[in-house]
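A short worksheet on the structure shown next.
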Amino acid sequence: MTEPISYPRLADYAEPKEFYDRGRGRAWQAAWLMVQSLGFAYWWFPRRLRPVVLRAFGATIGSGVVIRHRVRVQWPWKLVIGDDSWVGEECWLYNAGHLTIGSDVCLSQAVYVCCGDHDRSAADFHPREKAIVIEDGAWLATQCMILGGVTIGTGAVVGGRAIVTHDVKPGDTVRTGTTN
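Take -4 as the starting number for the sequence shown in the numbering used here and just add one per residue.
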């Protein structure tokens, strides 16, 4: 007879008071979510003001950064972007953990960067923060996904729709549909 497969029982899951370290109090979180949902992400919001707003909420944003419309940022105060980087339309920077994007980095349309996951082996299925670093000159092509704990090396290229679960060495290319 085989052992039963273990998995978390979501019916037993109770969200803890502090789900994970959001880095700011509830009022600050609410203010950011309101600003993001009422203006920041829309096409009519001036592109040159997006870095200004992110800085006002605690992000470190270099000069010449372009952030297109429909970009979602979970928590600006956990975000660092170097000079002259581009964040394309519909990108989602789910930075439950810290996210560092270097200079001259291009995130093409609909890139998903996920700085966290859940501990499937834990009875409470608790979340885990996992920092991501995208080094200078990297290019993340359309609709790729970068998962927590990963470093994308200097000048590396991640192909469209690729899913990256491990570090990418400087100058390497991750082809579409591979995990490195």
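The beta carbon of each residue, even a glycine, is placed where N, CA and C say it ideally should be.
Identity of the residues DSSP links to residue i by a beta bridge
{"i": "residue 124", "result": "111"}
{"i": "residue 141", "result": "108, 159"}
{"i": "residue 171", "result": "Paired residues: none, contrary to the question."}
{"i": "residue 146", "result": "128"}
{"i": "residue -3", "result": "None, per the DSSP bridge assignment."}
{"i": "residue 27", "result": "According to DSSP, residue 27 bridges with nothing at all."}
{"i": "residue 134", "result": "101, 152"}
{"i": "residue 49", "result": "In the DSSP output, where bridge partners are listed per residue, residue 49 has none listed."}
Residue i versus residue j: straight-line alpha-carbon distance, rounded
{"i": "residue 175", "j": "residue 138", "result": "Low confidence applies here, because residue 175 scores a pLDDT of 49, under 50, leaving its location unreliable; read the following figure in that light. Between residue 175 and residue 138, the C-alpha separation is close to 16 Å."}
{"i": "residue 165", "j": "residue -1", "result": "43 Å"}
{"i": "residue 86", "j": "residue 67", "result": "6 Å"}
{"i": "residue 20", "j": "residue 93", "result": "17 Å"}
{"i": "residue 113", "j": "residue 104", "result": "26 Å"}
{"i": "residue -3", "j": "residue 81", "result": "52 Å"}
{"i": "residue 124", "j": "residue 6", "result": "23 Å"}
{"i": "residue 170", "j": "residue 47", "result": "35 Å"}
{"i": "residue 121", "j": "residue 115", "result": "8 Å"}
{"i": "residue 158", "j": "residue 130", "result": "17 Å"}
{"i": "residue 39", "j": "residue 2", "result": "45 Å"}
{"i": "residue 153", "j": "residue 79", "result": "19 Å"}
{"i": "residue 161", "j": "residue 147", "result": "9 Å"}
{"i": "residue 45", "j": "residue 35", "result": "6 Å"}
{"i": "residue 168", "j": "residue 84", "result": "22 Å"}
{"i": "residue 145", "j": "residue 58", "result": "25 Å"}
{"i": "residue 29", "j": "residue 108", "result": "21 Å"}
{"i": "residue 119", "j": "residue 22", "result": "26 Å"}
{"i": "residue 43", "j": "residue 37", "result": "13 Å"}
Residue i versus the options, residue with shortest Cα-Cα distance
{"i": "residue 97", "options": "136, 149, 51", "result": "149"}
{"i": "residue 33", "options": "90, 162, 134, 64", "result": "64"}
{"i": "residue 101", "options": "6, 143, 77, 48", "result": "77"}
{"i": "residue 91", "options": "143, 163, 31", "result": "143"}
{"i": "residue 41", "options": "62, 155, 55", "result": "62"}
{"i": "residue 70", "options": "59, 99, 50", "result": "50"}
{"i": "residue 128", "options": "154, 117, 88", "result": "88"}
{"i": "residue 74", "options": "126, 132, 43", "result": "126"}
{"i": "residue 111", "options": "37, 141, 151", "result": "141"}
{"i": "residue 56", "options": "30, 99, 29, 31", "result": "99"}
Neighbourhood of residue i by C-beta, 7 Å cutoff - its chain only, sequence neighbours within 5 removed
{"i": "residue 24", "result": "17"}
{"i": "residue 197", "result": "Not covered by the structure: residue 197. The range shown for the chain is -4 to 175."}
{"i": "residue 155", "result": "136, 137, 138, 139, 171"}
CB contact below 8 Å: residue i versus chain C
{"i": "residue 94", "result": "No chain C appears in the structure shown, which is made up of a single protein chain."}
Other residues of its chain near residue i: CB distance less than 6 Å, five sequence neighbours each side excluded
{"i": "residue 106", "result": "86, 135, 139"}
{"i": "residue 132", "result": "99, 149, 150"}
{"i": "residue 95", "result": "75, 128"}
{"i": "residue 60", "result": "46, 76, 80"}
Same chain, Cβ closer than 8 Å to residue i, five either side skipped, listed in chain order
{"i": "residue 31", "result": "67, 68"}
For this session: Tell me the start and end of each unbroken beta strand (DSSP E) in the segment 62 to 88 that is at least 3 residues and wholly inside, in chain order.
Result: Listed in chain order, the complete beta strand (DSSP E) runs (minimum 3 residues) inside the segment 62 to 88 are 74 to 76.
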